[in-house]
Structures are given as structure tokens and as C-alpha cells.
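Here the protein sequences line up with chains A and B, keeping their order. Be aware that the first sequence starts at 94, since it is given in the numbering used here, and climbs by one per residue. Be aware that the second sequence starts at 4, since it is given in the numbering used here, and climbs by one per residue. First the structure, in the form of C-alpha cells, and then the observations on it.
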Amino acid sequence: MLKDITLGQYFPGDTPVHRLDPRTKLVLTLVYIVAIFLVGSWGGYALAAAALAAVTALAHIQPKALIKGLKPLIFIIVFTAVLNLFFTPGEDYLFRWKFIKITWTGLDRAAAMVLRVLLLVAGTFLLTYTTSPLAITDGLERLLSPLKKLHVPVYELSLMMCIALRFIPLLIEETDRIMSAQKARGADLETGTLAQRAKALLPLLIPLFVSSFRRADELATAMECRCYNGGQGRTRMKQLHLSVRDGIAFVLGAAFVAGVIVLRRLGI
Amino acid sequence: MSLVEIRGLTHVYSRGTPFEKTAVADLDLAIDRGQTMALIGHTGSGKSTLISHLNALLKPTAGTVLLDGEDIFASKASIRAARARVGVVFQYPEYQLFEETVYDDIAYGPKNMKLDTAEIDRRVRQAAAALGLDEAVFQQSPLELSGGQKRRAAIAGVLAMEPELLVLDEPTAGLDPAGREDLLRTLFAWRDERDATILLVTHDMSIAGRCGRVAVMADGRIVMDGTPAEVFARDGELASIGLALPDAAIIAGLLRDAGVALPPSLYTVDRLADAILALWAEKKEGGPC
Numbered sequence: 094m095l096k097d098i099t100l101g102q103y104f105p106g107d108t109p110v111h112r113l114d115p116r117t118k119l120v121l122t123l124v125y126i127v128a129i130f131l132v133g134s135w136g137g138y139a140l141a142a143a144a145l146a147a148v149t150a151l152a153h154i155q156p157k158a159l160i161k162g163l164k165p166l167i168f169i170i171v172f173t174a175v176l177n178l179f180f181t182p183g184e185d186y187l188f189r190w191k192f193i194k195i196t197w198t199g200l201d202r203a204a205a206m207v208l209r210v211l212l213l214v215a216g217t218f219l220l221t222y223t224t225s226p227l228a229i230t231d232g233l234e235r236l237l238s239p240l241k242k243l244h245v246p247v248y249e250l251s252l253m254m255c256i257a258l259r260f261i262p263l264l265i266e267e268t269d270r271i272m273s274a275q276k277a278r279g280a281d282l283e284t285g286t287l288a289q290r291a292k293a294l295l296p297l298l299i300p301l302f303v304s305s306f307r308r309a310d311e312l313a314t315a316m317e318c319r320c321y322n323g324g325q326g327r328t329r330m331k332q333l334h335l336s337v338r339d340g341i342a343f344v345l346g347a348a349f350v351a352g353v354i355v356l357r358r359l360g361i
Numbered sequence: 004m005s006l007v008e009i010r011g012l013t014h015v016y017s018r019g020t021p022f023e024k025t026a027v028a029d030l031d032l033a034i035d036r037g038q039t040m041a042l043i044g045h046t047g048s049g050k051s052t053l054i055s056h057l058n059a060l061l062k063p064t065a066g067t068v069l070l071d072g073e074d075i076f077a078s079k080a081s082i083r084a085a086r087a088r089v090g091v092v093f094q095y096p097e098y099q100l101f102e103e104t105v106y107d108d109i110a111y112g113p114k115n116m117k118l119d120t121a122e123i124d125r126r127v128r129q130a131a132a133a134l135g136l137d138e139a140v141f142q143q144s145p146l147e148l149s150g151g152q153k154r155r156a157a158i159a160g161v162l163a164m165e166p167e168l169l170v171l172d173e174p175t176a177g178l179d180p181a182g183r184e185d186l187l188r189t190l191f192a193w194r195d196e197r198d199a200t201i202l203l204v205t206h207d208m209s210i211a212g213r214c215g216r217v218a219v220m221a222d223g224r225i226v227m228d229g230t231p232a233e234v235f236a237r238d239g240e241l242a243s244i245g246l247a248l249p250d251a252a253i254i255a256g257l258l259r260d261a262g263v264a265l266p267p268s269l270y271t272v273d274r275l276a277d278a279i280l281a282l283w284a285e286k287k288e289g290g291p292c
């Protein structure tokens with residue numbers, strides 16, 4: 094049931110990709126995203142796809158897992174494709190019937206857009222598949238720490254994110270449990286009109302809210318019991334260190350961007 | 004015919020992913036009408052997965068569940084019927100309370116069964132009375148009740164459906180000894196009154212000792228099944244899967260080792276106390292000891 098959700102899931106492992114510093118991975122993912130938007134030729138898309146495939150293989154992530162993660166996006170992908178296919182202006186008609194026109198330019202655009210979305214999403218999935226949520230928030234906090242000078246509460250933000258991420262699996266589990274309990278009492282969540290179904294969600298949502306507040310309260314008490322009083326002057330158990338590996342990753346990332354730009358200039 | 008018959012039940016979670024796990028493996032089990040059965044086993048032995056199949060909350064990967072000889076997964080109607088005939092009280096049922104008043108919450112199940120108002124009212128009052136809930140709390144919010152009362156209200160919500168088989172997953176978890184004893188007596192009284200069938204999932208061996216039949220689960224299989232005396236006699240095997248005998252049985256064993264001539268099968272506190280008192284009286288009659 095709900096347990097099969099893979100969005101934002103972490104697959105523990107011990108590969109060079111897993112061992113990279115989370116900051117490196119965050120920055121490189123950002124670089125990758127920018128590079129995808131710089132791509133202007135089919136050669137560039139091929140290079141990006143090759144890079145993605147290489148990292149996937151290096152991280153021992155099964156292609157199946159990536160594809161499964163992309164499934165919820167099918168609607169957006171199809172929508173993008175249709176929009177570009179039918180509404181790109183041009184004269185080089187491939188197909189024409191009454192007001193429906195498909196141009197070669199449109200086909201080219203549609204394919205490029207679909208590829209772009211797929212590469213973007215798959216790339217960000219690789220980040221969450223190979224980096225634990227804790228490591229991501231740690232990395233984010235360090236990367237954003239210069240903002241502290243501008244009085245942005247970076248520490249509090251990252252703590253909130255960390256707790257939110259931690260609570261997602263708990264909430265899913267809780268939802269599953271309450272759903273089972275109400276179904277056991279004859280709740281019908283699947284049939285009926287829209288209004289009936291919305292009403293049928295109440296027995297689920299109310300206990301979920303109640304338990305979320307209870308949990309938040311308990312967590313706050315537990316933190317206070319251990320003398321938590323904000324981020325000022327806290328040290329951390331796991332220090333982040335950049336290593337040679339991260340240097341290599343940055344060089345490869347730079348080479349990738351250079352490749353994309355060169356291919357764009359050459360128009361290949 | 005057995006009330007419930009499980010044949011070759013297998014359930015595999017997250018099939019085809021790195022998280023694949025077989026929770027129940029080719030399990031056969033039959034429960035007769037009027038039985039009170041305890042299902043014991045360690046966390047992760049598959050107890051909860053097993054009971055989720057009894058009212059069709061989970062679909063088996065393989066195998067069937069028969070209720071009065073009919074497959075409960077046959078159609079949507081049979082699934083609905085199974086949910087009404089098999090009442091399941093999950094762990095910490097108080098977290099499922101949601102209605103504005105205690106009365107409405109207990110009435111939720113019967114309402115879903117589409118009974119008429121008079122029948123719903125009768126069932127709510129009967130279930131509440133069976134669990135010792137005073138009618139004075141009917142118009143209160145269930146969230147205002149005390150912990151023990153919340154648990155009782157939640158269990159009443161399932162009893163009001165008047166199930167033929169009542170399944171309870173750790174109904175006494177988190178209660179103090181007095182509350183535990185109280186709740187157990189209440190449940191057993193309800194059973195005696197209606198001649199109902201109960202399946203009690205528990206860690207607590209002393210509770211298991213008070214049921215007519217005990218089944219032990221380990222790694223998704225039933226490894227022992229019999230009367231408490233039969234199961235507790237295999238203490239070595241129980242220890243090997245990480246389960247201890249009831250406290251009373253352990254004390255009886257220690258006393259026997261120390262040379263006290265106690266009769267066999269003493270696994271409830273009441274029986275042990277009676278046996279010790281009987282020995283005491285015997286000794287008194289036989290002169291100074």
C-alpha cells in the first residue's frame with residue numbers, strides 16, 4: 094500500500110557516490126540541473142544521459158528504481174510532450190489535418206523537452222537515493238551558513254527540515270495503521286461520490302492530526318529534557334570533511350559542463 | 004466446519020524491491036467456533052500480518068482464508084461481510100477515536116454496516132455496558148477520556164459490530180497490572196455471555212495461559228499449537244525462539260527443583276496459589292513440619 098512510495102527514498106550503500114560529501118553532491122546536482130538547461134543540441138543530451146547512466150551504475154542503483162520513481166510524473170511528461178508537439182509554430186509540416194498541425198520543429202521540441210524533464214528528475218532522484226536525509230540537511234546547513242550573517246535562521250531551518258523528513262515515514266506508517274483500523278470498522282474509502290469520499294477521510298485525518306500534535310509535543314519535551322536550547326554554539330558529532338574524492342568529483346563535474354557548452358557551440 | 008480456515012497463506016511485502024520480506028509463509032490454521040485462542044510470538048514473527056488477512060485488510064500473496072467455508076476474497080461483497088463478521092482491535096486502538104462524542108464513535112462501525120437507528124442504539128449501549136463504560140460519558144468527546152477509558156471506548160466500537168470472531172492485538176499493552184486484569188476479565192465475560200470466538204495476539208505468556216488454545220508463531224510459521232499445558236511443556240523450544248514461560252510456571256519449576264512436590268501444568272497464578280495452599284494444608288494436617 095502506502096509503503097511502496099519511493100519518492101525521496103534513500104537506498105543505503107557503500108559506493109564512491111554514497112561516500113561523497115553531501116555538500117559536493119548538492120553542489121554537483123545544482124550544476125547538473127543548470128547544465129541540463131544549457132544543453133542546446135542532441136549531442137548534449139547524449140552526454141547528459143551518459144553521465145547520468147555512469148553515476149547510476151557507479152552508485153549501484155538499479156535502473157528499475159529510477160524508472161519507478163519517474164512513474165508519478167507520467168502526467169506532466171505527457172502534458173509537456175503534447176503541448177510542444179501541437180503548439181510549436183513552424184512551416185515544415187509533418188502532418189496536417191484541419192486545425193491539427195504537427196511540425197518537425199514541434200516533434201524536435203517535444204522530444205527535447207521530455208528528455209530534459211526526465212534527465213532533471215532522474216538526476217535529483219540520484220541525490221536522494223544515495224544521500225541520507227540527515228546528510229542532506231547537514232550539507233545544506235553548511236552550504237547556507239554564510240547566510241547566518243544576514244540573520245537567516247539557517248540552523249533552525251535545517252532542524253525543521255530534518256525533523257520533517259524524519260517524520261514522513263512515521264506519518265505514512267501511522268496513516269496505514271489508522272486506515273486499517275477504520276477499514277476494520279467498515280469504513281469505505283474507495284467508493285461513493287466525491288463528497289462522500291471526502292467525508293470518509295475524516296475518520297483518517299482527525300486521528301492523524303491528534304497523533305501528530307501529540308508527537309510534536311513529546312518531541313519538544315524530550316528535546317527540552319536534554320537541555321536543548323537552540324543552535325548557538327552547538328558542535329556536531331559527524332564533521333563533514335572534503336576529501337580527494339570530492340576534488341575528483343568537482344573536476345568531472347566541470348568537465349561535464351565544459352562538454353555541454355562545447356557541444357552547444359558546435360551544434361552537434 | 005471451522006469458523007475460520009486459513010490454507011497455505013503466504014504474504015510477501017514489497018515484492019521485487021530490495022526491501023522484499025516474507026512475513027507469513029505457507030501457513031495453515033483453523034479456528035473453531037467458541038474457541039479462545041492465543042497467538043504468541045516475537046515482534047516480526049508475522050502475527051500482525053496474519054490477523055490483517057482475517058478481515059481482508061491484506062490480500063494474500065498466495066493461499067486463501069475461508070470464513071464458514073467461503074473464500075472472503077471472492078468479491079467486494081464478501082470482503083465487506085468479512086469486515087463485519089470478523090472484528091479486529093489493533094494495538095493501541097485509542098488512537099483511532101475521532102468522532103465528536105463517545106456515543107458516535109462506538110456507533111461508527113454499526114453505522115457502516117447500514118443498520119437501522121434502533122439497532123445501532125441497542126448495540127452501542129450493550130457494547131458500552133459490556134466494557135463498563137457509563138452512559139454518562141456518551142456525550143463527552145472521546146479525547147477527554149482517561150487512557151483506560153479511551154481504550155475501552157475503542158474496543159466497544161468493535162464489539163458494537165457484534166463480530167463472530169473477535170481478534171485483539173495486544174489489548175492490554177501499556178495498561179497497569181490492575182487495568183490489564185480488569186480488561187481481560189471484561190473480555191472473557193463478554194465471550195462467555197455470547198459464546199463468541201476470540202483470537203488474542205499477545206506477548207504476555209500469563210495471558211496465553213488463560214486461553215483454551217495456544218499457537219506460537221516464529222518466522223511466519225506456526226511452530227507450536229495446542230493446549231497451554233502442551234505448549235508450555237516444550238519450554239526448551241520456547242526459549243530457543245526467545246519466549247519465556249509464564250512467571251507462575253517458572254516459579255513452579257523452581258519450587259519443584261527445590262524438592263516441593265507440586266502437580267504438573269501450573270501456569271496461572273491462581274492455580275499455582277491453589278496448589279501451594281493445598282500443600283500447606285496437607286502439611287498442617289500431617290503435623291508440624
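Idealized CB from N, CA, C, for every residue including glycine. Here the structure is a predicted model, which means the values were calculated and not measured.
- Membership of E8/B in the beta strand (DSSP E) is indicated by the continuous run 7-16.
- Note on L335/A: under 16 other CB atoms within 10 angstroms of its CB, so exposed under the neighbour-count rule.
- Relative to the Cα of K62/B, the nearest Cα in the group M4/B, L148/B, I9/B, D35/B belongs to I9/B.
- Across the structure, P262/A and V127/B are spaced so that their CA atoms are roughly 35 Å apart.
- The DSSP-derived three-state label of E267/A is helix.
- For the set L298/A, R290/A, A277/A, T223/A, the Cα lying nearest the Cα of L264/A is the one of L298/A.
- Just so you know, the alpha carbons of T230/B and G212/B end up roughly 9 Å apart.
- Going by DSSP, T314/A is part of the alpha helix (DSSP H) stretching over 295-318.
- Not a single C-beta of chain A is nearer than 7 Å to the C-beta of L12/B.
- Residue pairing for D74/B: DSSP places it in a beta bridge opposite L69/B.
- Within chain B, no residue has its beta carbon less than 9 Å from that of V171/A; the closest one is some 25 Å off.
- DSSP, read as helix, strand or coil, puts A28/B in strand.
- Boundaries of the alpha helix (DSSP H) harbouring M208/B: 208-211, taken from the DSSP string.
- Closer than 8 Å at the C-beta level to chain A, one finds no residue of the region 246-277 of chain B.
- Annotation: Cβ neighbours of A87/B in chain A (cutoff 9 Å, chain order): G279.
- V226/B has its alpha-carbon roughly 15 Å from the corresponding atom of T13/B.
- Against chain B, the beta carbon of K194/A has no neighbour under 7 Å; the closest one sits roughly 43 Å away.
- Using a Cβ distance threshold of 7 Å, A228/A and P115/A count as a contacting pair.
- Of the residues assessed, A133/B falls on the buried side of the cut-off, its CB having 16 or more other CB atoms within 10 angstroms.
- Neighbours of S55/B across chain A, judged by C-beta separation under 8 Å: S273.
- At a cut-off of 7 Å, the C-beta of Y111/B has a neighbouring C-beta in chain A.
- Distances from the alpha-carbon of L252/A to those of T268/A, A215/A, T217/A, E234/A put E234/A closest.
- Residues of chain A whose Cβ lies closer than 9 Å to the Cβ of L146/B are, in chain order, V303.
- Collapsing the DSSP output to three states places D222/B in coil.
- Taking a C-beta cut-off of 8 Å against chain A, the contacting residues of the region 160-191 of chain B are G160, V161, M164, listed in chain order.
- Taking 7 Å as the threshold, the shortest C-beta distance from L203/B to chain A does not fall below it.
- DSSP, reduced to helix, strand and coil, places V132/A outside both helices and strands of the structure shown, so it counts as coil.
- For K62/B, the three-state secondary structure derived from DSSP is coil.
- Residue state for V161/B is assigned as helix, using DSSP reduced to three classes.
- Using a CB distance cut-off of 7 Å, P246/A does not count as an interface residue toward chain B.
- Proximity of the region 337-349 of chain A to the region 27-37 of chain B falls short of the contact definition, fewer than three beta-carbon pairs being nearer than 8 Å.
- Proximity of the region 196-212 of chain B to the region 165-177 of chain B meets the contact definition, three or more beta-carbon pairs being nearer than 8 Å.
- Inclusion of L60/B and K276/A in the CB contact set at 7 Å is warranted, their separation being smaller than that value.
- Under the Cβ criterion (8 Å, minimum of three pairs), the region 111-126 of chain A does not count as touching the region 201-211 of chain A.
- Between C214/B and M4/B, the C-beta gap is not smaller than 7 Å, which leaves the two residues out of contact.
- Counting only Cβ-Cβ distances below 9 Å, L100/B has contacts in chain A at I299, P300, V303, in chain order.
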